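Presented below is the structure to which this report refers.
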């Protein structure tokens, strides 16, 4: 059965909303412990109760409060990000040694940052561990397209068959996660070369930052590893209108091939569920910003636009250079 | 003191969020009664308690539950929208006769629709009464701009001195509310002629629907009338790139003059608070979609993008033609 655009949004942004059902929302939260860091009165992520039970929390640095449902990294008041990150890394190393979690078998050797109130950088942790803690992660997605007399066409890659997550699914032209210290614009420029062989000069000349998409994803089997882990994500969004002579090409082993798809071909692939979930919503966001999906032709327009921009429950980063 | 872009968002989207402070959110809701219609298990708007006390609710058709804090329009199960609308109109006529509310002195003689679950049309009511019931209202805003070698310039109108709401403030090129039965695209085409003398052919040839902006506004003195009334709003957003030869001109008596402002001139006027609150956020949305405000130059980027697209607490319309 064909998936509607709202179906696709719901597959990606599938953590409940308080406004929809206050009782169900509150009930659902009982499945998680709040991840906290001492000295900061704020929840940084939600950890599934089954993860709390399995994780080998070293008692000296982790305080588990079963009544309040909190897991707190306990450090001296003068601890800095390096100190906190080292403690988390040691705990994760022990979890890896004990083979506690499937997701940690996909160790990436990339560090993702965690931010506190006011966007203060608190610590970093191994990328593959972030869904265990349910912290907000950051990425950048770019839609490369060409325009001719027949309309718009999109450069759509197919993910490699052997990729650990979402193998063989369709993707955005360029997309990547942002490691600690990286800024969205520099991230997308770097990824454009790494993933699509797009020269930096071509990208910088024409790329337009056009907003961001935010959602809270509850992981399903397609992501690999434990089911039900939370993944709140911020994806900075870019458009890149390309000259027809510029052809994206796979560069690393993450992409199988690039194909040029028309609007209706993309719509059909979306309806068949061929896109990686968070890439499908970047295409929907493009369609809305470019007048392809409108209030008059998309029955769920208002719901879709709001849910493409979910307000995160946890503190988020500021990537401002000023 | 200069207003930041987030300050401007906060002036417009100034109803609390549950995620920010669960206790404060719940406390604040005690200031309102939920507006309901019998046979529908859903809240359609929030009515300020002081309005509930003052309104001359005819007992035969209104059930006030002070414990549950609800105001319900009670009708036979087979009531249709015309029936409900007539009952509401009669109640409003009585409130006008008794001079209960300042906002009703600005009677517009325009009808705004109220939607139930699944976008079902339930009733319509006089536009000036909608803040008393705190129902979602709908409008369309268009930014008309030109582009030359020096960059973008925007056609910005100044509201008439004698306008009842927000006199002499800056506005979007074209903006208007949507009455019952009107679709967003037809609304903006109509308003473009009425407010800016832009011919239908010019508008239809180049206008692009680019999304919508949603927020919940708590009215302050600048709106005129009672303070604290709720106004959740959906504004469909359009861009119109104009040929430099096309000059918008005032047509009705709502607009004083049009001026062509550069990006930096618009930014300065925003910072001085010269734009009508909901028009300032349409400009900010334009700046984000066109890469003028970016993650790297706007410290509150993520917060701003999410709050430009607030998820409404109440059921909303579908304006789909299919």
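Chains as they are written, first to last, in UniProt numbering: chain E, 1 to 322; chain C, 1 to 322.
Don't be surprised by glycine CBs; every beta carbon is placed ideally from N, CA and C.
Bear in mind the structure is a predicted one, so any value in this text is a computation, not a measurement.
In or out: residue i buried (at least 16 other Cβ within 10 Å) or exposed?
i: residue 172 of chain E; result: buried
i: residue 21 of chain E; result: exposed
i: residue 396 of chain E; result: Since the first residue shown for chain E is 1 and the last is 322, residue 396 of chain E is missing from the structure and cannot be characterised.
i: residue 77 of chain E; result: exposed
i: residue 181 of chain C; result: exposed
i: residue 125 of chain C; result: buried
i: residue 87 of chain E; result: buried
i: residue 53 of chain E; result: exposed
i: residue 36 of chain C; result: buried
i: residue 321 of chain C; result: exposed
i: residue 183 of chain E; result: buried
i: residue 300 of chain C; result: buried
i: residue 91 of chain E; result: buried
i: residue 142 of chain C; result: buried
i: residue 294 of chain E; result: buried
i: residue 120 of chain E; result: exposed
i: residue 249 of chain E; result: exposed
i: residue 30 of chain E; result: exposed
i: residue 26 of chain E; result: exposed
If residue i and residue j are in contact, beta carbons under 8 Å, what's the gap, nearest whole angstrom?
i: residue 85 of chain E; j: residue 106 of chain E; result: Going by Cβ atoms, the distance from residue 85 of chain E to residue 106 of chain E rounds to 20 Å, so no, they are not a contact pair.
i: residue 222 of chain E; j: residue 166 of chain E; result: 6 Å
i: residue 131 of chain C; j: residue 100 of chain C; result: The pair is not a contact, with the Cβ atoms about 13 Å apart (cut-off 8 Å).
i: residue 176 of chain E; j: residue 147 of chain E; result: The Cβ separation is near 25 Å, so there is no contact.
i: residue 157 of chain C; j: residue 257 of chain C; result: 7 Å
i: residue 103 of chain E; j: residue 225 of chain E; result: 4 Å
i: residue 208 of chain C; j: residue 290 of chain E; result: 7 Å
i: residue 9 of chain C; j: residue 281 of chain C; result: 6 Å
i: residue 271 of chain E; j: residue 2 of chain E; result: 4 Å
i: residue 151 of chain E; j: residue 263 of chain E; result: 6 Å
For the beta strand (DSSP E) that residue i lies in, which residues bound it at each end?
i: residue 259 of chain E; result: 255-262
i: residue 41 of chain C; result: Here residue 41 of chain C belongs to no beta strand (DSSP E), and DSSP marks it neither H nor E.
i: residue 304 of chain E; result: From DSSP, residue 304 of chain E is part of no beta strand (DSSP E) but of the alpha helix (DSSP H) over 301-307.
i: residue 137 of chain C; result: 137-148
i: residue 155 of chain E; result: 151-159
i: residue 64 of chain E; result: 62-65
i: residue 169 of chain C; result: Segment: none, residue 169 of chain C is in no beta strand (DSSP E) and carries neither H nor E.
i: residue 74 of chain C; result: Premise fails: residue 74 of chain C is in no beta strand (DSSP E) and is neither H nor E.
i: residue 244 of chain C; result: First-last for residue 244 of chain C: undefined, no H or E at that position.
i: residue 112 of chain C; result: 111-115
i: residue 229 of chain C; result: Note, residue 229 of chain C: premise wrong, no beta strand (DSSP E); not H, not E.
i: residue 122 of chain C; result: 121-126
i: residue 175 of chain E; result: 174-177
Just checking residue i against the ligand ADP - is the residue's beta carbon closer than 7 Å to any of the ligand's heavy atoms?
i: residue 19 of chain E; result: Looking for the ligand ADP in the displayed structure turns up nothing, as the structure carries no ligands at all.
Would you give the residue range spanned by the alpha helix (DSSP H) that residue i belongs to?
i: residue 81 of chain E; result: 81-97
i: residue 50 of chain E; result: 49-54
i: residue 280 of chain E; result: 277-289
i: residue 185 of chain E; result: 184-196
i: residue 11 of chain E; result: 5-12
i: residue 339 of chain C; result: No answer is possible for residue 339 of chain C: the residues shown for chain C start at 1 and end at 322.
i: residue 222 of chain E; result: It is not in any alpha helix (DSSP H) - residue 222 of chain E carries neither H nor E in the DSSP assignment.
i: residue 205 of chain E; result: 200-206
i: residue 104 of chain E; result: Counting along the chain, residue 104 of chain E falls outside any alpha helix (DSSP H), and DSSP gives it neither H nor E.
i: residue 132 of chain C; result: 130-133
For residue i and chain B, any beta-carbon pair shorter than 8 Å?
i: residue 320 of chain C; result: Structure shown: chain B not included; protein chains present are E and C.
Subject >> Validate contact between the segment 300-307 of chain E and the segment 239-255 of chain E using beta carbons, cut 8 Å, 3 pairs >> reply: no
Original post:
Using a Cβ cut-off of 7 Å, which residues of the segment 169-193 of chain E contact any Cβ in chain C, in chain order?
Top reply: 183, 184 and 185
Subject >> Near-chain E residues of the segment 292-316 of chain C - C-beta to any C-beta below 8 Å >> reply: 294, 295, 296, 297, 298, 299, 300, 301, 302, 303, 305, 306, 307, 308, 309, 310, 311, 312, 313 and 316
**OP:** Specify whether the segment 20-36 of chain C and the segment 66-80 of chain E touch according to this definition: at least 3 beta carbon pairs, one from each stretch, less than 8 Å apart.
**Re:** no
**OP:** Report the residues of the UniProt domain "Nudix hydrolase" (137-283) of chain E with a CB closer than 7 Å to any CB of chain C, ordered along the chain.
**Re:** 183, 184, 185, 208, 209, 210, 211, 212, 214, 234 and 236
Subject >> Proximal residues, the segment 10-41 of chain C versus chain E, C-beta separation under 8 Å >> reply: 17, 18 and 19
Subject >> At least three beta-carbon pairs within less than 8 Å, the segment 52-72 of chain E to the segment 135-145 of chain E >> reply: no
Original post:
Is there contact here, the segment 189-208 of chain E with the segment 91-98 of chain E, by at least three beta-carbon pairs under 8 Å?
Top reply: no
Original post:
Are the segment 196-206 of chain E and the segment 280-288 of chain E touching by the rule of at least three beta carbon pairs closer than 8 Å?
Top reply: no
**OP:** Indicate whether the contact test is met: 3 or more Cβ pairs, each with one atom in the segment 35-44 of chain C and one in the segment 307-317 of chain C, closer than 8 Å.
**Re:** yes
Original post:
Looking at chain C, which residues of the segment 43-72 of chain E have a Cβ within less than 9 Å of any of its Cβ atoms?
Top reply: none
Original post:
Should the segment 1-17 of chain C be called in touch with the segment 272-283 of chain C, which here means at least 3 C-beta pairs below 8 Å?
Top reply: yes
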